[in-house]
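One structure is given below, encoded as structure tokens.
Number of protein chains: 2
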Amino acid sequence: MQLSPAIQELIQALKVLPGVGPKSAQRMAFQLLERQREGAQRLAQALTQAVEKVGHCNDCRTLTESPQCVICAHPARQQSGMLCIVETPADVLAIEQTGQYQGRYFVLMGHLSPLDGIGPEDIGLDVLAQRLSSEAIQEIILATNPTVEGEATAHYIAELARQAHIKTSRIAHGVPVGGELEYVDQATLGHAFSGRKIIEAN
Amino acid sequence: MQLSPAIQELIQALKVLPGVGPKSAQRMAFQLLERQREGAQRLAQALTQAVEKVGHCNDCRTLTESPQCVICAHPARQQSGMLCIVETPADVLAIEQTGQYQGRYFVLMGHLSPLDGIGPEDIGLDVLAQRLSSEAIQEIILATNPTVEGEATAHYIAELARQAHIKTSRIAHGVPVGGELEYVDQATLGHAFSGRKIIEAN
Ligand SMILES: [Zn+2]
Ligand SMILES: [Zn+2]
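Structure follows, in structure tokens:
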């Protein structure tokens, strides 16, 4: 049976969402058209606006609609001398929710992955190296995911920091190995911060 | 921490989707903005188009963007004399996928629910009564859900059909094919027993 082209296209388009397969896309399409037409219009508007307005922070690369994000623009954060390196904007949110960290961030928007052709410049490490040499940074906290790629990325950045003579720490492995930062509970993430270890220059 | 207003609004708007809570809305928003901007634009477009174009079939009430849906417009279906009553467009799809039915449908877009103020006219039963008296319908198949409301709705329509002197049947309910008795709920098992069929000695 052929559904109307507009319904078919909506079902196809909904499958772009993470975790949404053909069956739930169909369920979503029908529910929106049967009962949530205003919600569907609002969603269309929000998607258009977000895609149009949201770019990356010039300083930390996180998603934001101003040239500099709220955290980077915060004077106390700027004076903290702390720079926490994370993989994604969701990681920033997760760390902010612990309330344990008052410094700035650098958001890689990914991790090193030579097999996928993702090298240092693809995750902004050239920008980071620049910042390390030009700013007064006292400590770098490496909060990449405890995965193979996250560890390799942390290692690479630790070396950049060593060359710039900046103290570097790695968040403690209270975070379950193989897990993703975004899904860790606040208490564990808080422990991981307070238990961070200085990485000795060797 | 404050996310950019456009990102916050996108997260809010995504929560209109069935089964999407705050956490998965956030994950969806970040993924769209980080990696799926074209997909997000396509989705916005599809939502706008679908809301604008998709209405209800004049004959069967299902979702369609033409005045009459493909099934209602099909000559062989029109001549079948069969009318299957279902609650939703998704039910039509499910029945079509069996390939076992070649008649037409009437889609209630809900079921009777006096407590929620949903009466006969809200589910198109006035339109249905009109069709029963003006069209050559040989059999009505009641395929509403086997829930309290679905059964009450089926009962109400059976009475309409009786007044119009039209043969009426209810789809069989029982143990799903391939299912194990042990895992079937009591109500289904009850239906399976009360609806049992005599096996003729041959
Ligand atoms: Zn920033
Ligand atoms: Zn129709």
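Protein chains in written order, with the UniProt record's numbering: chain A, 1 to 202; chain B, 1 to 202. C-beta: ideal position from N, C-alpha, C; glycine also. On a predicted model such as this, the values are computed, not experimentally measured, just so you know.
Residue i, buried or exposed, once every other Cβ within 10 Å from all chains shown has been counted against 16
{"i": "A/Gly99", "result": "exposed"}
{"i": "A/Phe193", "result": "buried"}
{"i": "A/Tyr101", "result": "buried"}
{"i": "B/Gly21", "result": "exposed"}
{"i": "B/Glu182", "result": "exposed"}
{"i": "B/Leu132", "result": "buried"}
Own chain, CB closer than 8 Å to residue i, minus 5 neighbours either side, in chain order
{"i": "A/Pro120", "result": "Leu112, Asp126 and Tyr156"}
{"i": "A/Val86", "result": "Val92, Ile95, Tyr105, Phe106, Val107, Leu108, Ala143, Thr144 and Leu181"}
{"i": "B/Asp122", "result": "Gly110"}
Short Cβ contact (7 Å threshold) for residue i with residue j
{"i": "A/Phe106", "j": "B/Ala90", "result": "no"}
{"i": "A/Leu63", "j": "A/Val54", "result": "yes"}
{"i": "A/Ala154", "j": "A/Leu142", "result": "yes"}
{"i": "B/Pro176", "j": "A/Met28", "result": "no"}
{"i": "A/Ala129", "j": "B/Glu65", "result": "no"}
{"i": "B/Arg37", "j": "A/Val51", "result": "yes"}
{"i": "B/Ile137", "j": "B/Ile166", "result": "yes"}
Residue i versus residue j - alpha carbon distance
{"i": "B/Pro75", "j": "A/Gln41", "result": "36 Å"}
{"i": "B/Pro146", "j": "B/His173", "result": "8 Å"}
{"i": "B/Gly124", "j": "A/Gln2", "result": "23 Å"}
{"i": "B/Gly178", "j": "B/Ala94", "result": "17 Å"}
{"i": "B/Arg35", "j": "B/Glu180", "result": "43 Å"}
{"i": "A/Met109", "j": "A/Thr88", "result": "5 Å"}
{"i": "A/Gly195", "j": "A/Ala158", "result": "18 Å"}
{"i": "B/Val184", "j": "B/His191", "result": "11 Å"}
{"i": "B/Ala44", "j": "B/Gln186", "result": "44 Å"}
{"i": "A/Glu9", "j": "B/Gly39", "result": "12 Å"}
{"i": "B/Asp116", "j": "A/Cys57", "result": "49 Å"}
{"i": "B/Val148", "j": "A/Ile118", "result": "56 Å"}
{"i": "B/Leu189", "j": "A/Gln49", "result": "52 Å"}
{"i": "B/Leu33", "j": "A/Val70", "result": "18 Å"}
{"i": "B/Gln97", "j": "A/Ser4", "result": "16 Å"}
{"i": "A/Lys23", "j": "B/Pro114", "result": "31 Å"}
Residue i beta carbon near ligand 3 (any heavy atom closer than 6 Å)
{"i": "A/Asp116", "result": "Here the bound small molecules are ligand 1 and ligand 2; ligand 3 is not part of this structure."}
Cβ shell of residue i (< 7 Å), same chain only, five flanking positions each side left out
{"i": "A/Asp59", "result": "Gln68 and Cys72"}
{"i": "B/Ala25", "result": "Ile11, Leu14 and Lys15"}
{"i": "A/Ala164", "result": "Leu132 and Ser133"}
{"i": "B/Gly103", "result": "Arg77, Ser80, Met82, Leu83 and Cys84"}
{"i": "A/Lys197", "result": "Ser169, Arg170 and Ala172"}
{"i": "B/Glu135", "result": "none"}
Beta-bridge pairing of residue i - partner residues as DSSP gives them
{"i": "B/Gly55", "result": "B/Thr64"}
{"i": "B/Thr168", "result": "B/Ile140"}
{"i": "B/Met82", "result": "B/Glu139"}
{"i": "B/Phe106", "result": "B/Ile85"}
{"i": "A/Ile199", "result": "A/Thr168"}
{"i": "A/Ser113", "result": "A/Ile118"}
Beta-carbon proximity list for residue i, same chain, < 6 Å, skipping 5 on both sides
{"i": "A/Thr168", "result": "Ile140, Ala158, Ala161 and Ile199"}
{"i": "B/Gly150", "result": "His111 and Thr144"}
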